[in-house]
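Peer 1:
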Ligand code: ADP
Ligand code: MG
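In UniProt numbering, the protein residues as written are 300 to 525.
So this is what it looks like as structure tokens:
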């Protein structure tokens with residue numbers, strides 16, 4: 300636990316530095332991006348190269364967004380919320396992508412779901428990150444994501460996001476959630492870290508269960524208002 304504490308401390312310092320740096324980096328990036336677009340209009344070769352450069356710039360921007368998030372975990376606006384609405388909103392965002400990739404997404408609400416006291420934007424981020432990972436875990440077209448919400452006790456509910464994707468080997472599972480750990484060519488390795496941080500700042504808990512070649516289940520426990 301001591302090591303974990305040190306890591307958390309390091310992370311929050313890292314987060315603060317990152318947030319400061321991120322703002323400083325974004326402006327020059329925007330200038331570079333503007334000139335690349337101009338040069339890209341010169342000829343066919345420049346146009347090809349500029350596309351690559353712009354997509355790499357996009358990637359930097361994505362990483363910066365996630366770092367910025369880590370840098371300000373204090374910016375929360377808690378309110379009384381029906382978690383089902385958040386989940387519905389996020390699944391709608393993914394509708395066309397799911398359809399394109401032939402992935403089924405089934406949502407099931409069981410029993411009476413009490414309201415939670417939470418920050419809606421942060422919880423949206425949690426579901427965006429986990430559903431995105433679930434989609435990315437599907438080996439090819441097809442697969443199913445099932446999202447279930449049910450109460451466990453009078454003041455706690457469980458949300459499970461289960462996919463039929465590639466799963467996570469045991470050796471890899473240990474490293475997941477380490478900053479920048481990714482197995483993807485285009486990954487940032489920050490999604491689950493941000494997710495875990497959000498859930499913990501809501502006094503909840505995040506568990507990952509996975510079986511190689513079978514799929515992964517992300518379990519989120521959240522306190523409710525009773
Ligand atoms: P990224 O998606 O950018 O790689 P994440 O923090 O979201 O970063 O995830 C870290 C790693 O955890 C992924 O690279 C992947 O190896 C693994 N992972 C996360 N979610 C899943 C999932 N649903 N199925 C299989 N592997 C997953
Ligand atoms: Mg991810």
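In this text, a Cβ means the ideal position worked out from N, Cα and C, and glycines have one as well.
1. For the ligand MG, I want to know if residue 486 counts as a neighbour, meaning its beta carbon is within less than 7 Å of at least one of the ligand's heavy atoms.
2. State the beta-bridge partners of residue 408 as determined by DSSP.
3. Could you tell me whether any non-hydrogen atom of the ligand MG is closer than 7 Å to the CB of residue 476?
4. What residue range is occupied by the uninterrupted alpha helix (DSSP H) comprising residue 342?
5. Please classify residue 494: does DSSP put it in a helix, a strand, or coil?
6. Please name the residue, chosen from 518, 435, 341, that lies closest to residue 483 on a Cα-to-Cα basis.
7. What residues match up with residue 462 in a beta bridge as DSSP calls it?
8. Going by Cα to Cα distance, which pick from 514, 334, 361, 468 is closest to residue 348?
9. What's the C-alpha gap between residue 407 and residue 458?
Peer 2: Well, looking at it:
1. Remark: the C-beta of residue 486 is in contact range of the ligand MG, defined as less than 7 Å to any heavy atom.
2. Partner(s): 448.
3. No.
4. Neither: residue 342 is in no alpha helix (DSSP H) and is coded neither H nor E.
5. Here residue 494 sits in helix by DSSP.
6. Answer by Cα proximity: 435.
7. Within the DSSP secondary-structure output, residue 462 pairs in a beta bridge with 444, 515.
8. Closest option to residue 348, Cα to Cα, is 334.
9. Inter-residue distance for residue 407 and residue 458 is about 10 Å (C-alpha atoms, whole angstroms).
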